[in-house]
Structure formats: structure tokens, C-alpha cells
Amino acid sequence: MLGILLVACGGRTPIEGDVGAGGGGSSGSSGSGGGMPSAYCDIVTGGAHVCTGYSNVPASQATALDSQCQQQGGSVVNGCPGTSELGCCVLSESPYVVSVCFYCPGDPAMLLMACSGKWVEPNGGPAPCGG
């Protein structure tokens, strides 16, 4: 299991290859049909907002990811929010493709430098967080 919590961008799954496209969420951890399900976890704590999405999740792992999310104070969601998004760090953590998205408040330049995967900004660039 991953040692840190990671969640998807604006309801997008990185496996679709169109992380910056926006759109509706997935069907959550339970998945549907013949494809591998996705799991999403949204955490807001101490003024920070991070949402992590796991794609390519084996059905046997989906419940464990949901439990991990809740143990870390997060909410299991059907997809991550698209508003106030600063950007997402997309990683491949076998067997998952993981998208860690960050929301206001935050510094997109600092997050970009800290990303060890591919940094993807939302359409229109990072959200203006205001002051």
C-alpha cells in the first residue's frame, strides 16, 4: 500500500490520457462493467485540500483504498472537484496510475517543483486563489 494518500483531478482519470479535459467523475471504487475500477479520496485538513485518484485498481484492492482514505480523515468520492484546482501530479505506482491534485490555497510553482511525476495544470491554468 502507498505510504501517502493520493487523489484524482476534477473527476478525471489519468489513465484516460486527457487529465486536463475536465468532466464528470467515475463510478467510484466499486467500478462498473468490465474495466478496472477507480478509487477517489478527498481530504481537506488544516487549510490544505488534496484529492487523490487511483486508476487501474484491481477489484480486490478497492475496499482497502476506501478504508485507507477514511482512516486518514478523507471522504471517498465519485470524482474530485474541478473548482479551485491548482494542478495534479500524475504518478505510476504499480499497479495503480495515481493522480494527486492540489487545490487553493497553495503555490502552483512550488507544487510543480515537488512533483516527481508529470505535472498537469487544469484547462485555463491554475485557479486564482485570491487573498
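In terms of this note's numbering, the sequence shown opens at residue 1 and continues consecutively. Glycine is no exception: its CB is placed at the ideal position from the N, C-alpha and C atoms. This one's a predicted model, so the numbers in the text were calculated from it and none came from an experiment.
Neighbour-count burial assignment, residue i, 16 or more Cβ in a 10 Å radius
i, result
"Ala127", "buried"
"Cys129", "exposed"
"Gly124", "exposed"
"Pro122", "buried"
"Gly73", "exposed"
"Val44", "exposed"
Distance, residue j Cα to residue i Cα
i, j, result
"Tyr96", "Val76", "17 Å"
"Gly117", "Ser94", "13 Å"
"Pro108", "Cys115", "10 Å"
"Ser67", "Val90", "22 Å"
"Cys88", "Pro81", "12 Å"
Simplified DSSP state of residue i, which is helix, strand or coil
i, result
"Ser94", "coil"
"Ala64", "helix"
"Ala59", "helix"
"Ala127", "coil"
"Gly80", "In the sequence as displayed, the identity of residue 80 is Cys instead of Gly. Reduced to three states, the DSSP call for Cys80 is coil."
"Cys51", "strand"
"Cys101", "strand"
"Gly23", "At Gly23, the pLDDT of 30 sits below 50, so the modelled position is not reliable; the number obtained from the coordinates is stated separately. Gly23 falls in the coil class under three-state DSSP."
"Cys89", "strand"
Assumed close pair residue i, residue j - CB separation to whole angstroms, cut-off 8 Å
i, j, result
"Gly53", "Ser99", "5 Å"
Contacting residues, own chain, Cβ-Cβ under 6 Å from residue i (five flanking each side not counted)
i, result
"Leu112", "Trp119"
"Cys69", "Cys41, Val76"
Neighbourhood of residue i by C-beta distance below 8 Å, restricted to the same chain and skipping five residues each side
i, result
"Ser84", "His49, Tyr103, Cys104, Ala127, Cys129"
Sequence-distant residues of its chain with Cβ nearer than 7 Å to residue i (five each side left out)
i, result
"Leu86", "Phe102, Tyr103, Cys104, Gly106, Pro108, Leu111, Pro126, Ala127"
"Leu65", "Ser29, Ala39, Tyr54, Val57"
Contact test: residue i Cβ vs the ligand GDP heavy atom, cutoff 6 Å
i, result
"Val90", "No copy of the ligand GDP appears in this structure; indeed no ligand is present at all."
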